[in-house]
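One structure is given here, and the rest of the page talks about it.
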Amino acid sequence: MARDVPALTGEAVATVTGFSRRFGDRTVLDGVDVTIGRGEFVALLGRSGSGKSTLLRALAGLDPAPAGERDGIAVDGTVAVAFQEPRLLPWKRVRANVALGLRTPDPGAAADGALTEVGLIDRAGAWPLTLSGGEAQRASLARALVRRPDLLLLDEPFSALDALTRITMHRLVLDLWERHRPGILLVTHDVDEALLLADRVLVLDGGRIAHESRVGLDRPRHRDHPHLLDLRSTLLATLGVTPEGTA
Ligand SMILES: Nc1ncnc2c1ncn2[C@@H]1O[C@H](COP(=O)(O)OP(=O)(O)OP(=O)(O)O)[C@@H](O)[C@H]1O
Ligand SMILES: [Mg+2]
């Protein structure tokens, strides 16, 4: 993806420094500071409307911010994004969707490699509208992966999936992350998802990063691990949610 952001040196794949974004007279992001390490898995939580997608779009270079509001974002390397809805072009087959815009010598072969990695190679010749929700999300992940990103941005990619498919997708993302080690920024509403997957969990509130927790447990993790239970309570309280059973 073409980017007009300054390159970084060192161990960070992305830094956001004092980044602000306004829409009209509303300030959505108000001096956000975030660093994503090379190969680090970061989850971003926050209430609906808190500006998570706005931050992600800015990192992806997809935000047509007015001049003067693009300062403070620096990414070192290739960026790829997967969104909540898979956004596949319905008039192109799955393989062509994954290969779209690739400048490698053999885009079809690269697409097939990525489709194999996400377990979707048998649907490479299918039309997007014939895919299940989970399959479409795998295709979307393959399209991101085929770009070999240094930074993978995931905006609630699992939220529309049923619980079982979501668990399978969690395993897949962890597996792909361990194999390729991109830095990941995963936007999610799901505190458990953040705690099961990420090295570090951030909470966006009031236009800034209001809270940060380092998880520090090996994977695969169990959601009833005492440390995760503690972190979950803290995060839910930060998000203004009273956990069930504690009133
Ligand atoms: N292009 C835009 N023009 C005007 N307002 C916008 C624009 N993009 C986002 N906003 C506003 O900025 C705020 C933050 O939006 P954003 O999509 O970043 O929230 P979010 O944290 O991703 O929410 P959700 O969890 O519901 O996806 C919202 O109030 C939204 O209406
Ligand atoms: Mg959003």
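Start counting at 1 in the sequence shown, then tack on 357, and there's your number in the numbering used here.
Even glycine gets a Cβ: it sits at the ideal position worked out from N, Cα and C.
Residue from Gly-394, Leu-402, Thr-392, Ser-407 with nearest C-alpha to Thr-384: Ser-407
First and last residue of the uninterrupted alpha helix (DSSP H) at Ser-407: Premise fails: Ser-407 is in no alpha helix (DSSP H) and is neither H nor E.
Nearest-angstrom beta carbon gap, Gly-403 and Lys-409 [assumed within contact, 8 Å]: 5 Å
Any non-hydrogen atom of ligand 2 within 8 Å of Asp-512 CB: yes
C-alpha distance - Leu-585 paired with Pro-577, whole-angstrom precision: 13 Å
Proximity to Gly-396 [Cα-Cα], best of Pro-506, Arg-480, Gly-375: Pro-506
Neighbour-count burial assignment, Val-548, 16 or more Cβ in a 10 Å radius: buried
Ranges of the beta strand (DSSP E) found wholly within the segment 498-537, counting only runs of at least 3: 508-512
Distance cut-off 8 Å: Ser-410 Cβ against heavy atoms of ligand 2: yes
Nonlocal neighbours in the same chain, by C-beta distance under 7 Å from Ala-471, ignoring five residues either side: Val-455, Ala-499, Leu-502, Val-503
Contact belief for Leu-574 with Ala-567 at Cβ below 8 Å, rounded distance in angstroms: Wrong, their Cβ atoms sit about 23 Å apart, outside the cutoff.
Rounded straight-line distance, which links the Cα of Thr-473 to that of Leu-457: 17 Å
Check: Val-558 C-beta below 8 Å from any heavy atom of ligand 1: no
Per-residue DSSP class, three states only, for Leu-413: helix
Three-way DSSP call (helix, strand, coil) for Ala-359 in this model: A caution first: Ala-359 carries a pLDDT of 36, below 50, which makes its placement in the model unreliable, though a value can still be read off. Ala-359 falls in the coil class under three-state DSSP.
N-terminal and C-terminal residue of the alpha helix (DSSP H) that Gly-465 is part of: 464-474
Length of the line joining the Cα atoms of Glu-535 and Ile-430: 26 Å
Sub-9 Å separation of Ala-517 and Leu-445 beta-carbons: no
Residue closest to His-546, alpha-carbon to alpha-carbon, out of Gly-597, Val-572, His-582, Pro-539: Gly-597
Helix, strand or coil at Glu-368 [DSSP, three-state]: coil
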